[in-house]
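Chains as they are written, first to last, in numbering that gives the first Met the number 0: chain A, 0 to 304; chain B, 0 to 550. For every residue, glycine included, the Cβ atom is placed at its ideal position computed from N, Cα and C.
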Amino acid sequence: MIAFLTRRLLSTIPLLAVIVTLSFLFMRLAPGGPFDQERALDPTVRASIEARYGLDQSLGRQLWLYAEGLSRGDLGPSFKYTGWTVREIIGQALPVSLSIGVMALGFALAMGIPLGVLGALRHNSWIDHGAMGLALMGICIPNFVLGPLLILLFVFALDWLPVGGFGGFSQLILPSITLGAIRAAYIARLSRAGMLDVLQQDFVRTARAKGLPERLVVAKHCLRLALLPVLSYLGPAVASILVGSVVVEKIFSIPGLGSFFVNSALNRDYTLAMGTVLLYSALLIALNLLVDIFYSILDPRMELR
Amino acid sequence: MESALAAPGVPATIAPPDPRGASYMISRFVIPCSLLALALSTWSCALDEQKADFTFLNAEPESIDPGRVTGQPGGRIALSLFEGLCFRHPQTLAPVPGMAERWEKSDDGLVYTFHLREASWSDGVAFSSEDFRWSWTRLLDPETGAKYANFLYPVRGARAFHQGENTDPSSLGLSCPDARTFVVELENPVAYFLDLCSFYPLAPVPRRTLEAHGDAWTRPENIVGNGAFVLESWQINRRLRLRKNSKYWDAARVQLEVVDALPGDYINGNFNRYMSGVVDWIDADGVPLGIVDALAERDDFHVAPYLNTYFYRFNVEHPPLDDARVRRALYHAVDPVAICEHVTRGGQQPATSLVPPGIPGYASVELGGFQPELARALLAEAGYPRGRGFPVISLLFNTSDSHKQVAEVLQQQWKDVLGVQIGLENQEWKVFMVSTQRREYDIARGGWIGDYLDPNTFLDLWTSSNANNRTGFSSPAYDALIAEAARVVDGARRMELLRRCESIITQEECIILPIYFYVVTNMYDGGRWGGLEPNLINSIDLKSIYRRGES
């Protein structure tokens, strides 16, 4: 296990280096720079600003300086938001995305797994059809439709919840549902398929034959295997959910990471764009590693190598 | 239910669901997830949740440092935190005494002597004329990279200092005979100099704070100001909170104690926040175009003129647009009324000139507008009768639905009236900026908001050396006229010269095609709030806002 972890962690270093280099180059290849704006800058002013951010250096040198900063944990200053460092911006936006992401994930799991398991246990009954119909709806309704519909219902018609923003638990509810709905739907379908598959297996018949109560058969023996497909889906899903969704953030005026992720690229805010890409990559790698570890825990037949 | 046991040897039947299967899930997933969410949200919500007296919509500022701000969102905050020699009257925009309680102008208009009032910074340190001298010198220092440094070019020696030709700050026409007197010498008289003094770049900044904290000086824990408000907290993209500055010289008249500026770049979301009472004031960033007709009926919907023109630039170096007759033909073939009535719909006015109406003492040069016969005649004269032989050119705009709709209408009008085919091309914002700067376009969308209340703000753009020109138009005669207008003391004569400039740009050379004048579209409850009446530059003066019935 330790050897496995060490090997996996070591292998992420070159991977991250490649990601940094490529995203650095792609950012610079895009036409326009952080200081191109409607109101053109005087050449003196432009030169002075570019010098301050090191943009007057050669590309190779800039990459080197960036990598050097990175090794000290310094993500550099934001080019667009004067006076803010990328670390401060991520430090403020990430917890926001995390809290909504975790809520959304909780909602997705709490909705998806029971619905899927229920569907599988009651295969082809009205419960199964109802659950899968609901899941299909979740997949089909895009979040930019679901969000405003929820606002219309819960904010303007019923006046139960605030319209958006960030600051209290009640403000998290609608965005979490909007963000989690499609994941809940996928999880429901995956866990149903997984459960159906497991229920056909010999060890289940054996367990039942031994006279185990059905709840133990399902909860102890079937569920952990039935959830393996869900688990492999969760790795990337969690990463994307945690980094935030620009659409959901916009609809509910949430100061999360998702809008920085998109806008930094549009603004050519080089450092902020690199910082968010790096964070997303690191999260993705870490979560995939976690998934592999969980796999070995859930399915004793698997071995970490 | 624990009954459904399969008998040995009997094929397993699907058992009914077990309620404890669900409780297993709840205990393993749902509860930990919810707890974590709760913990995270409480952690990140460790904010004082005092309700603000007034909340307004304001895009996330790129900076609140007066020397570095460009753009309205940062400007609104900077002017609440820092006060210049004068400030603009919230409605008329005329300069009124700010840090300077009075001033004298020499007869030749070259020397301004400002007498400062007794005041202090928000940390209690006494304010002195030296603060102005240092701040203005900083603005001009090339190291600062101030985007509005050229606003001080009228000051003696300022241009040379800013361009690095002279590094001695004492060569600047700025002096402080004593702690409460600030003297400014100009290169030539500038009719709108006091207007400039009211604009945020010329507001003073606290030297010791800048020197102590560098770029982080604008953070709430560091910042010190001399304006009506202080910065209490600032979470990026979330909320910027201002609190009344008890040390402000006119604090007794400031009615709001706590003010929140909430950012938001999604119009519908911003509108929802207004409708549910989260924000008290929104501008065009919160007014959805699709329902503007219905909103116009409401009492809280306010439309007012705006010093802001939507136009197209012609690249005068690209044939056939190098022929003024072609440009004029394209201009006269456009009916902006159709655009305002069917596309923009928010009360925008068809542009009849480049300089929007409303600037005191100036009458814009009216253009002929939509004249299809004249347009066809001009095009024929240029060698393209009924559009025959007209080369394929394209119209470039930055990606946006509204720009696209305007472009499509113009494309159709040009086709109908002139028989010319003009292609449409859209580019992402930064790509678009590069294309227009390099003049890699035929016709390109543009817009300009006046910085100060003088036609010059719309006219000096087209001088040869101005980086905002971007049309390829370069005329020494025009440059000379702009320079002459800057020197003239007599107001009426000056306006005459500027009118002449405007007629060159539009009537004669037609290097731009004005389409419409924007309007300010704000929503606020006028029965509840006073001091919010819209003005020509859509500024918002927090210190003069009051709740009706309380004063």
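Helix, strand or coil for residue i, going by three-state DSSP, please let me know.
{"i": "A:Glu37", "result": "coil"}
{"i": "A:Tyr65", "result": "helix"}
{"i": "B:Cys509", "result": "coil"}
{"i": "B:Asn455", "result": "helix"}
{"i": "B:Ser2", "result": "Model confidence at B:Ser2 stands at a pLDDT of 36, short of 50, so the residue's coordinates are unreliable; what they give is reported in the following sentence. The answer is coil: DSSP assigns B:Ser2 none of H, G, I, E or B."}
{"i": "B:Tyr330", "result": "helix"}
{"i": "B:Ala21", "result": "Summary for B:Ala21: the model assigns pLDDT 48, below 50, so the residue's position carries little reliability; its value from the coordinates is reported in the next sentence. Note: B:Ala21 maps to helix in three-state DSSP."}
{"i": "B:Ala202", "result": "coil"}
{"i": "A:Gly110", "result": "According to the sequence provided, residue 110 of chain A is Met. The question's Gly does not apply to it. Helix, per DSSP."}
{"i": "B:Ala362", "result": "coil"}
{"i": "B:Arg87", "result": "strand"}
{"i": "B:Ala536", "result": "Contrary to the premise, residue 536 of chain B reads as Ile rather than Ala in this sequence. B:Ile536 falls in the coil class under three-state DSSP."}
{"i": "B:Thr348", "result": "Note on identity: in this sequence residue 348 of chain B is Gln, with Thr being the wrong assignment. Three-state result, B:Gln348: strand."}
{"i": "B:Asn521", "result": "strand"}
{"i": "B:Leu46", "result": "Low per-residue confidence applies at B:Leu46: pLDDT is 49, beneath 50, and the placement is therefore not dependable enough to give any value."}
{"i": "B:Phe313", "result": "strand"}
{"i": "A:Thr84", "result": "strand"}
{"i": "A:Pro235", "result": "helix"}
{"i": "A:Ile140", "result": "coil"}
{"i": "B:Thr462", "result": "coil"}
{"i": "B:Gln162", "result": "coil"}
{"i": "B:Asp475", "result": "Here the sequence assigns Pro to residue 475 of chain B, which means Asp is not the residue at that position. Helix at B:Pro475."}
{"i": "A:Ile284", "result": "helix"}
{"i": "B:Val416", "result": "helix"}
{"i": "A:Asp298", "result": "coil"}
{"i": "B:Arg387", "result": "coil"}
Look up residue i in the DSSP assignment and give the residues it is bridged to.
{"i": "B:Arg240", "result": "B:Ser232, B:Asp259"}
{"i": "A:Trp159", "result": "Partner(s): none; A:Trp159 has no beta bridge."}
{"i": "B:Glu424", "result": "B:Leu395"}
{"i": "B:Asp177", "result": "B:Thr180"}
{"i": "B:Trp447", "result": "B:Thr308"}
{"i": "B:Leu185", "result": "B:Val154"}
{"i": "B:Leu56", "result": "B:Leu261"}
{"i": "B:Pro219", "result": "Answer is none; B:Pro219 lacks a bridge partner."}
{"i": "B:Pro94", "result": "B:Arg87"}
{"i": "B:Gly529", "result": "B:Tyr545"}
{"i": "B:Tyr515", "result": "B:Tyr309, B:Pro349"}
{"i": "B:Ile620", "result": "Beyond the ends of chain B as shown, which are 0 and 550, falls residue 620 of chain B; an answer cannot be given."}
{"i": "B:Pro319", "result": "Note: B:Pro319 sits in no beta bridge, so no partner."}
{"i": "A:Pro76", "result": "A:Thr84"}
Report back the beta-carbon spacing between residue i and residue j to the nearest angstrom; my notes put them in contact at under 8 Å.
{"i": "B:Ile514", "j": "B:Pro319", "result": "Not quite, the Cβ-Cβ distance comes to about 21 Å (not below 8 Å), so this is no contact."}
{"i": "A:Val44", "j": "B:Gly144", "result": "5 Å"}
{"i": "B:Ala337", "j": "B:Pro371", "result": "At roughly 13 Å, the Cβ-Cβ gap does not stay under 8 Å, so B:Ala337 and B:Pro371 are not in contact."}
{"i": "B:Arg469", "j": "B:Arg326", "result": "Actually they do not touch by this definition, with Cβ atoms about 15 Å apart."}
{"i": "B:Pro65", "j": "B:Pro219", "result": "17 Å between Cβ atoms; not a contact."}
{"i": "B:Val204", "j": "B:Phe113", "result": "Not a contact, Cβ separation roughly 17 Å."}
{"i": "B:Asp107", "j": "B:Pro188", "result": "7 Å"}
- Task: Using a Cβ-Cβ cut-off of less than 8 Å, give me the residues of the segment 30 to 42 of chain A that come near chain B, in sequence order.
- Result: Pro30, Gly31, Gly32, Asp35, Gln36, Glu37, Arg38, Ala39, Leu40, Asp41, Pro42
- Task: Output, in sequence order along the chain, the residues in the segment 61 to 86 of chain A whose CB is closer than 8 Å to any CB in chain B.
- Result: Pro76, Lys79, Tyr80, Thr81, Gly82, Trp83
- Along the chain, which unbroken stretches of the beta strand (DSSP E) at least 3 residues long are found entirely within the segment 99 to 159 of chain B? 99 to 104, 110 to 115
- Residue ranges of each alpha helix (DSSP H) within the segment 179 to 213 of chain A, 4 or longer: 201 to 208
- Query: Listed from N- to C-terminal order along the chain, which residues in the segment 260 to 280 of chain A have their beta-carbon within a distance smaller than 7 Å of any beta-carbon of chain B?
  - Reply: Leu265, Arg267
- Would you mind listing the beta strand (DSSP E) stretches within the segment 243 to 305 of chain B that are 3+ residues and don't spill past its ends, in chain order? 257 to 261
- Item | Residues from the segment 202 to 233 of chain B in contact with chain A, defined by Cβ distance under 7 Å | Asp214, Ala215, Thr217, Arg218
- Contact residues within the segment 59 to 75 of chain B, judged by C-beta distance below 7 Å to chain D: Going by chain labels, chain D is absent from the structure shown, which instead holds the protein chains A and B.
- Query: Can you list, in chain order, the residues of the segment 432 to 459 of chain B whose Cβ is nearer than 7 Å to any Cβ on chain A?
  - Reply: Met432, Val433, Gln436
- Message: Under 8 Å, CB to CB, which of the residues in the segment 135 to 167 of chain B have a partner in chain A?
- Response: Pro141, Glu142, Thr143, Gly144, Ala145, Lys146, Ala148, Asn149, His161, Gln162, Gly163
- Listed in chain order, which residues of the segment 154 to 179 of chain A have Cβ atoms closer than 9 Å to some Cβ of chain B? Val154, Phe155, Asp158, Pro161, Val162, Gly163, Gly164, Phe165, Gly166, Gly167, Phe168, Gln170, Leu171, Ser175
- Query: According to a CB-to-CB cut-off of less than 8 Å, which residues of the segment 469 to 492 of chain B neighbour chain A?
  - Reply: Arg469
- Taking a Cβ distance cut-off of 9 Å, strictly less, list which residues of the segment 43 to 59 of chain A are near chain B, in chain order. Thr43, Val44, Arg45, Ala46, Ser47, Ile48, Glu49, Ala50, Arg51
- Message: Please list, in chain order, the residues of the segment 408 to 431 of chain B that have any C-beta partner in chain A closer than 9 Å.
- Response: Gln426, Glu427, Trp428, Lys429, Val430, Phe431
- Query: Relative to chain B, which residues along the segment 227 to 254 of chain A have a C-beta separation below 9 Å, given in chain order?
  - Reply: Glu248, Lys249, Ile250, Phe251, Ser252, Ile253, Pro254
- Item | Against chain B: residues of the segment 282 to 293 of chain A by CB proximity under 7 Å | none
- Task: Residues of the segment 264 to 288 of chain B with a CB closer than 8 Å to any CB of chain A: list them in chain order, please.
- Result: Asp264, Tyr265, Asn267, Gly268, Asn269, Asn271, Arg272, Met274, Ser275, Val277
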